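*Asks:* Numbering (our numbering), first residue to last: 116 to 450.
For glycine and all other residues, C-beta sits at the position ideal for the given N, C-alpha and C.
All figures in this text were calculated on a predicted structure; none of them were measured in a lab.
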């Protein structure tokens, strides 16, 4: 693969690197950043990580998390910039990136080449899988710290291996990461079983906002007032949208989050064959088939109506008759 070969050669030929990802980084972004930084340092390189936003609380115990610097501008003498899981420089919300030689590593579909080196693999379940693939050609032995970060990247971006992006290769890679020191039970506990009290308080409020818009679409809404009442932060909201999606019969879920008066950020999730990235793209957003996001302006009612209308169009365009098994509506568990 030429893109991978070119990146390997660039790493071998240079010594100082800066690493970043998209604003509001998730588990794949953070785990991949840390895994890559630790790999580069093991090779004797210098690697600095800069993000525009703090990491969500569940990732505070990741090995090397203290090396991530939160800033709005990147400065310094670097040979190259690794931009991970981010389909353009602007999505990082960082200034100063265009002065560097940019290496883009991404798994988002429909990403147009924009960097000096572009490696796109939309079959990868997570960028963490792609970072893992750097190790062998670099003749680099994985450490428990690297393995843990890359496992977190893959574990979270597959929804704990629940999403349709999970493939056989995903288990081969994560199995090897476990062999190199990643602990599935410790990671699952750190990511999903250390929620702050404020998160549970706000979850109760959010479930009270639950709306069923059709037989397949549900949504919840977060306001600034809820955040103020509970003391929760936007970083405590990761995974919240999965609650309405977990309902029987619901195939599409939307999480409306008020950011400022007249502006909402919307997280979309789906099951089965529904591609919510097309809905996000309609509003200038993006993402994956089963997980995408967008920002939209308007009154709350206007925003909900606009987004739900596009979700309903998606349902209508992708209707599949239910499969009847033993008198119950079900989905086959095999391909």
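Going by DSSP, what residue range makes up the alpha helix (DSSP H) through residue 312?
*Replies:* Here residue 312 refers to the residue found at position 197 of the chain shown. Run containing residue 312: 312–322, per the alpha helix (DSSP H) assignment.
*Asks:* Here's a check: name, in chain order, each residue in its chain whose Cβ is nearer than 6 angstroms to the Cβ of residue 278, leaving out the five neighbours to either side.
*Replies:* Here residue 278 refers to the residue found at position 163 of the chain shown. Excluding sequence neighbours, residue 278 sits near 405.
*Asks:* Taking residue 261 as the reference, give the member of 181, 306, 147 with the closest Cα.
*Replies:* Residue 261 sits at position 146 when you count from the first residue of the chain shown. Ranking 181, 306, 147 by Cα distance to residue 261 puts 147 first.
*Asks:* Residue 453: which of 256, 209, 142 sits nearest, CA to CA?
*Replies:* Residue 453 lies beyond the stretch modelled for the chain, which goes from 116 to 450, so this question has no answer here.
*Asks:* Where in the stretch 372–435 do unbroken runs of the beta strand (DSSP E), each at least 3 residues long, occur, reported from the N-terminal end onward?
*Replies:* The qualifying runs are 378–385, 406–412.
*Asks:* Nearest by alpha-carbon distance to residue 329: which of 429, 144, 321 is it?
*Replies:* For the purposes of this step, residue 329 is taken as the residue at position 214 of the chain shown. Among 429, 144, 321, the Cα nearest to that of residue 329 is on 429.
*Asks:* With a 10 Å radius around its C-beta and 16 neighbouring C-beta atoms as the bar for buried, classify residue 133 as buried or exposed.
*Replies:* The sequence position of residue 133 within the chain shown is 18, counting from 1. Buried, by the Cβ-count rule.
*Asks:* Using the three-state DSSP reduction, which class does residue 184 fall into: helix, strand or coil?
*Replies:* Here residue 184 refers to the residue found at position 69 when the chain shown is read from its first residue. The answer is strand: DSSP assigns residue 184 an E or B state.
*Asks:* Using DSSP with H/G/I as helix, E/B as strand and the rest coil, what is residue 131?
*Replies:* By one-based count along the chain shown, residue 131 stands at place 16. Correct three-state label for residue 131: strand.
*Asks:* Report the partner residues of residue 166 according to the DSSP bridge assignment.
*Replies:* Residue mapping note: residue 166 aligns to position 51 of the chain shown, counting from 1. 185.
*Asks:* What is the residue span of the alpha helix (DSSP H) that residue 452 lies within?
*Replies:* No answer is possible for residue 452: it lies beyond the span of the chain, which begins at 116 and ends at 450.
*Asks:* From which residue to which residue does the alpha helix (DSSP H) around residue 294 run?
*Replies:* Numbered from its first residue, the chain shown carries residue 294 at position 179. Here the alpha helix (DSSP H) through residue 294 covers 283–294.
*Asks:* Which of the three DSSP states, helix, strand or coil, is assigned to residue 365?
*Replies:* Walking along the chain shown from the start, residue 365 turns up at place 250. Note: residue 365 maps to coil in three-state DSSP.
*Asks:* Is the number of C-beta pairs between the stretch 231–242 and the stretch 278–294 that are closer than 8 angstroms three or more?
*Replies:* Between the stretch 231–242 and the stretch 278–294 there are three or more inter-stretch CB-CB distances shorter than 8 angstroms, so the stretches are counted as touching.
*Asks:* Measuring only the C-alpha atoms, how far is residue 397 from residue 414?
*Replies:* For the purposes of this step, residue 397 is identified with residue 282 of the chain shown, where counting begins at 1. For the purposes of this step, residue 414 is identified with residue 299 of the chain shown, where counting begins at 1. Distance between the alpha carbons of residue 397 and residue 414 is about 18 angstroms.
*Asks:* So, helix, strand or coil for residue 356, using DSSP?
*Replies:* Here residue 356 refers to the residue found at position 241 when the chain shown is read from its first residue. Coil.
*Asks:* Comparing alpha-carbon positions, which option in 149, 379, 223, 174 lies nearest residue 303?
*Replies:* Looking up residue 303 in the chain shown gives position 188. If we check each option's Cα against that of residue 303, 174 comes out closest.
*Asks:* From which residue to which residue does the beta strand (DSSP E) around residue 195 run?
*Replies:* Taking the chain shown and counting its residues from 1, one reaches residue 195 at position 80. Here the beta strand (DSSP E) through residue 195 covers 195–199.
*Asks:* In chain order, what residues of the same chain lie with their CB nearer than 6 angstroms to the CB of residue 219, ignoring the 5 residues before and after it?
*Replies:* As a first step, residue 219 is located in the chain shown; it is residue number 104 there, counting from the start. Annotation for residue 219: 198, 230, 233 place their beta carbon closer than 6 angstroms to its own, counting only its chain and skipping 5 residues before and after.
*Asks:* Residues in its own chain within less than 6 angstroms of residue 176 by CB, not counting five upstream and five downstream?
*Replies:* Here residue 176 corresponds to residue number 61 of the chain shown, with the count starting at 1. Within the same chain, residue 176 has close Cβ partners 305.
*Asks:* In three-state terms, what does DSSP make of residue 253?
*Replies:* In the chain shown, the residue the question calls residue 253 occupies position 138. Coil, per DSSP.
*Asks:* Answer with buried or exposed for residue 248, where buried requires no fewer than 16 other C-beta atoms within 10 angstroms of its C-beta.
*Replies:* Here residue 248 refers to the residue found at position 133 of the chain shown. Buried, because 16 or more other Cβ atoms sit within 10 Å of the Cβ of residue 248.
*Asks:* Hey, could you find the ends of the beta strand (DSSP E) residue 219 is sitting in?
*Replies:* Residue mapping note: residue 219 aligns to position 104 of the chain shown, counting from 1. 217–221 is the extent of the beta strand (DSSP E) around residue 219.
*Asks:* Among the residues of its own chain, which have a CB less than 8 angstroms from the CB of residue 524, if the five just before and after it don't count?
*Replies:* Absent from the model: residue 524. The displayed extent of the chain is 116 to 450, so no value can be given.
*Asks:* Since residue 336 is in the alpha helix (DSSP H), which residue starts that stretch and which ends it?
*Replies:* Within the chain shown, residue 336 is the residue found at index 221, counting from 1. Note, residue 336: premise wrong, no alpha helix (DSSP H); beta strand (DSSP E) at 332–337.
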